[in-house]
Amino acid sequence: MSDPARVLVVAPNWLGDTVMALPAISDVRHRFPSARLVVAARRAVADIFRLVPFVDELVALQWSGRWWERGVFAGDAGRLRPLGADLAILLPNSFAAAWLASRAAIPARWGYRSDMRAPLLSRAVRRPKGRLHQGAYYQHLTRALGIESGPLEPALTVPAGAAAAARRHLLDRGWDGARPVIAFAPGAAYGTAKRWLPRYVARLARDLVRGRQATCVMVGSRRDASTARDVVNMIEADAARRVIDLTGQTTVEMLAGVLGIATACVSNDSGAMHMAAAVGTPLVALFGPTREYETAPLTRSGRRAEVLTHPVWCRPCMLRECPIDHRCMKGITPDRVRAALTPLLSSTT
3 MSDPARVLVV
13 APNWLGDTVM
23 ALPAISDVRH
33 RFPSARLVVA
43 ARRAVADIFR
53 LVPFVDELVA
63 LQWSGRWWER
73 GVFAGDAGRL
83 RPLGADLAIL
93 LPNSFAAAWL
103 ASRAAIPARW
113 GYRSDMRAPL
123 LSRAVRRPKG
133 RLHQGAYYQH
143 LTRALGIESG
153 PLEPALTVPA
163 GAAAAARRHL
173 LDRGWDGARP
183 VIAFAPGAAY
193 GTAKRWLPRY
203 VARLARDLVR
213 GRQATCVMVG
223 SRRDASTARD
233 VVNMIEADAA
243 RRVIDLTGQT
253 TVEMLAGVLG
263 IATACVSNDS
273 GAMHMAAAVG
283 TPLVALFGPT
293 REYETAPLTR
303 SGRRAEVLTH
313 PVWCRPCMLR
323 ECPIDHRCMK
333 GITPDRVRAA
343 LTPLLSSTT
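Numbering follows the numbering used here, with no gaps: position 190 of the sequence shown is 192.
As structure tokens, this is what we get:
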């Protein structure tokens, strides 16, 4: 086929996966520089593409993934159809993604051969075998489709207005504008097994406030708010005055702005972790039940991320809830995290 005039990329469904897919989407942009690049993404992750300048148009899909919402799904297909895309590249493995492109009457539909959807694809790529980072998994697909791979380095660009709004918000909440800001992402959407112990977060935040004269900021979604409250409530009053809880209170753009201001970030395996890396914030990432070799943060050139694990026989179990004693996360002590964080702070001061 000749080069398409309009290319639709269907984005992954989770925030972290979406960030890890950015290098592959950038490769698509470079392969088709003259095409109009449209991204279709679920509402929960769509706003991340407002931080990606090379995307020409964004369509926020309304379907939540529930099978009984057939009318909503049909509505999404109806909204995509008038775009007149010549090619759809499907990053999710799901049957639904292929069915969406088919219902939108997009003639060329490319993606992995998975979930019994091969008959709906005009080009179906076999999934790779063995260990592969999720970002490399997306690039394996695009490379198999004849698209050259660039650096495995996702990049988010924080608009000046969002950066200024984030700074004002932190100042309004008590930051003095001079102390180093350390971001903490204490939650994780996948389940409690991925979360570093709240008492550990509280201890490290307290020590950073007292020892580094830092302002610590809790970030995350509304679902993380109760975890963040638990953390703040465990911190002694003198240090808690320098802890700002923003969980559930930021847009994606403002979260990116806050992370861009931060001197460093401490995070579980979460969407916020991947955003911090893509913004360029030095990062300590804590992995328990999940596979760090598949979802470790992808850093921008010249930036650092330290990945910490605790070697126990049962990890990586990939369970949402730990059925025993959460030893994989208990073994990552505050002292270990502080030791990993110290050189990152030194390199940015």
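Think of the CB as a built atom: it goes at the ideal place given N, C-alpha and C, for glycine as much as any other residue. Model, not experiment: these values are computed from the prediction.
Residue 10, DSSP secondary structure in three states: Position 8 of the sequence shown holds residue 10. Of the three classes helix, strand and coil, the one that applies to residue 10 here is strand, per DSSP.
Which full runs of the beta strand (DSSP E) of 3+ residues lie inside the segment 193 to 271, going along the chain? Runs of beta strand (DSSP E) with 3 or more residues, each lying fully within the segment 193 to 271, are found at 217 to 220, 245 to 247, 266 to 270, listed in chain order.
Please classify residue 25 as buried or exposed, where buried requires at least 16 neighbouring CB atoms within 10 angstroms. Here residue 25 refers to the residue found at position 23 when the sequence shown is read from its first residue. Label assigned to residue 25: buried.
Provide the residue span of the beta strand (DSSP E) that contains residue 308, from first to last. Working through the sequence shown from its first residue, we reach residue 308 at position 306. Note, residue 308: beta strand (DSSP E), 307 to 310.
Pull up the distance between the alpha-carbon of residue 175 and that of residue 260, whole angstroms please. Stepping through the sequence shown from its first residue, residue 175 is reached at position 173. Stepping through the sequence shown from its first residue, residue 260 is reached at position 258. Cα to Cα, the separation comes out at about 12 Å.
Go through its chain and collect everything with a Cβ distance to residue 298's Cβ below 6 Å, but skip five positions before and after it. Taking the first residue of the sequence shown as 1, we reach residue 298 at position 296. Once the five neighbours on either side are set aside, the close Cβ partners of residue 298 are 309.
In terms of residue numbering, what span does the alpha helix (DSSP H) encompassing residue 101 cover? Numbered from its first residue, the sequence shown carries residue 101 at position 99. For residue 101, the enclosing alpha helix (DSSP H) covers residues 97 to 105.
Would you report the Cα separation of residue 49 and residue 136, rounded to the nearest angstrom? Taking the first residue of the sequence shown as position 1, residue 49 is located at position 47. Taking the first residue of the sequence shown as position 1, residue 136 is located at position 134. Their backbone Cα atoms lie some 21 Å apart in a straight line.
From the DSSP output, in three-state form, read off residue 149 for me. Looking up residue 149 in the sequence shown gives position 147. Looking at residue 149 - three-state DSSP - the assignment turns out to be coil, as it is neither helix nor strand.
Just to check my reading of the structure: residue 312 and residue 324 have Cβ atoms closer than 8 Å, yes? What is that Cβ distance to the nearest angstrom? Along the sequence shown, one-based indexing puts residue 312 at 310. Along the sequence shown, one-based indexing puts residue 324 at 322. About 13 Å; that fails the 8 Å criterion.
Which one of 59, 273, 216, 272 has the shortest CA to CA distance from residue 246? Start at 1 with the first residue of the sequence shown, and residue 246 comes out as number 244. Minimum Cα distance to residue 246 is reached at 216.
Three-state class that DSSP yields for residue 17 in the structure shown: Indexing the sequence shown from 1 puts residue 17 at position 15. Three-state result, residue 17: helix.
Around the Cβ of residue 118, are there at least 16 other Cβ atoms within 10 angstroms (buried) or fewer (exposed)? Here residue 118 refers to the residue found at position 116 of the sequence shown. The C-beta of residue 118 has fewer than 16 other C-beta atoms within 10 Å across all chains shown, which makes the residue exposed.
Inter-stretch contact at 8 Å, needing at least 3 Cβ pairs: the segment 274 to 283 / the segment 150 to 167: With a cut-off of 8 Å, the segment 150 to 167 and the segment 274 to 283 count as touching, because enough Cβ pairs lie within range.
I want to see whether chain B comes within less than 8 Å of residue 205, judged by CB atoms only; does it? Among the protein chains of the structure shown there is no chain B, as only one such chain exists.
Identify whether residue 191 lies in helix, strand or coil by the three-state DSSP scheme. Position 189 of the sequence shown, counted from the start, is the residue given in the question as residue 191. The answer is coil: DSSP assigns residue 191 none of H, G, I, E or B.
The alpha helix (DSSP H) with residue 80 in it runs from where to where? Here residue 80 refers to the residue found at position 78 of the sequence shown. For residue 80, the enclosing alpha helix (DSSP H) has its first and last residue at 72 to 82.
Between the CA atoms of residue 222 and residue 274 - distance to the nearest angstrom: Position 272 of the sequence shown holds residue 274. Position 220 of the sequence shown holds residue 222. Residue 274 and residue 222 have their C-alpha atoms spaced approximately 7 Å apart.
For residue 271, tell me which candidate among 18, 69, 36, 115 has the shortest Cα-Cα distance. Sequence index remark: in the sequence shown, residue 271 carries index 269 (1-based). Of the candidates 18, 69, 36, 115, the one whose C-alpha sits nearest the C-alpha of residue 271 is 18.
Buried or exposed for residue 198, please, with buried defined as at least 16 other CB atoms from any protein chain shown within 10 angstroms of its CB. Here residue 198 refers to the residue found at position 196 when the sequence shown is read from its first residue. Counting Cβ neighbours within 10 Å, residue 198 comes out buried, since at least 16 surround it.
For residue 131, count neighbouring Cβ atoms within 10 angstroms of its own Cβ and tell me buried if that reaches 16, exposed if not. Locating residue 131 in the sequence shown gives position 129, counting from the first residue. Result: exposed.
Per the DSSP calculation, residue 63 is bridged to which residue(s)? As a position in the sequence shown, residue 63 is number 61, starting the count at 1. Per DSSP, 44.
Beta-carbon proximity of residue 40 to residue 58, cut-off 8 Å: Within the sequence shown, the letter at position 38 stands for residue 40. Within the sequence shown, the letter at position 56 stands for residue 58. It is a contact, given that the beta carbons lie within the stated cut-off.
Endpoints, the beta strand (DSSP E) within which residue 113 is located: Along the sequence shown, one-based indexing puts residue 113 at 111. Unbroken beta strand (DSSP E) run through residue 113: 110 to 114.
By Cβ distance below 7 Å, which residues in the same chain neighbour residue 74 in space, the five residues on each side in sequence not counted? Along the sequence shown, one-based indexing puts residue 74 at 72. So the qualifying residues of the chain are 64, 65.
Using a threshold of 8 Å, state whether the C-beta atoms of residue 208 and residue 237 are closer than that. Sequence index remark: in the sequence shown, residue 208 carries index 206 (1-based). Sequence index remark: in the sequence shown, residue 237 carries index 235 (1-based). Yes; because the gap between Cβ atoms is below 8 Å, this pair is in contact.
Cβ contact check for the segment 80 to 97 and the segment 8 to 15: 3 or more pairs under 8 Å: At 8 Å Cβ cutoff, the stretches touch.
Determine the DSSP secondary structure at residue 286, reduced to helix, strand or coil. The residue you call residue 286 lines up with position 284 of the sequence shown. Strand at residue 286.
Ends of the alpha helix (DSSP H) at residue 340? The residue you call residue 340 lines up with position 338 of the sequence shown. From DSSP, the alpha helix (DSSP H) with residue 340 extends over 336 to 349.
Check each candidate in 286, 167, 115 and name the one with the smallest Cα separation from residue 263. On the sequence shown, residue 263 is found 261 positions in, with the first residue counted as 1. Taking only the C-alpha atoms, the option nearest residue 263 is 167.
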